[in-house]
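J.: Numbering (the working numbering), first residue to last: 1036 to 1117.
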Amino acid sequence: EKEGGSAVAVTADVTRSEDVRALVRRTVEHFGSLDVAVNNAGVFRGGAPVADLPEEDWRTLLDINVTGVFLALRAEIARMRE
């Protein structure tokens, strides 16, 4: 804020569509509009070769890194179309 910027912190689980919609809603409440989308939430379950990676870790990675981006874009595009 001292440098002329503004930010808002919102806690959300990007794998839950209702959380993502609330995140977009809170962002618009704070800034007044939504003009761009930058979806950079992600996890890395590194250290294990794919052959040794537990399926649960793989599903978590996909849920956050892929489904989370899908859910966010869907909510953001819906808001931008309003």
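For glycine and all other residues, C-beta sits at the position ideal for the given N, C-alpha and C.
(1) Along the chain, where does the alpha helix (DSSP H) containing Leu1097 start, and where does it finish?
(2) Is the separation between the beta-carbon of Ser1041 and that of Leu1106 shorter than 7 angstroms?
(3) Taking only three categories from DSSP, how would you classify Leu1058?
(4) Along the chain, where does the alpha helix (DSSP H) containing Arg1116 start, and where does it finish?
(5) Within its chain, find whatever has a CB closer than 6 angstroms to the CB of Val1043; leave out the 5 residues flanking it on each side and keep chain order.
T.: Short version:
(1) As a working note, residue 1097 is residue 62 in the sequence shown. Start and end: Glu1090 to Leu1097.
(2) One-based indexing of the sequence shown puts residue 1041 at position 6. One-based indexing of the sequence shown puts residue 1106 at position 71. No, the Cβ-Cβ distance between Ser1041 and Leu1106 is not below 7 angstroms.
(3) Counting from one through the sequence shown, the residue named residue 1058 turns up at place 23. It is helical.
(4) Your numbering for residue 1116 matches position 81 in the sequence shown. Looking at the DSSP string, the run of the alpha helix (DSSP H) that includes Arg1116 is Gly1103 to Arg1116.
(5) The residue given as residue 1043 occupies position 8 in the sequence shown. Only His1065 meet the Cβ criterion.
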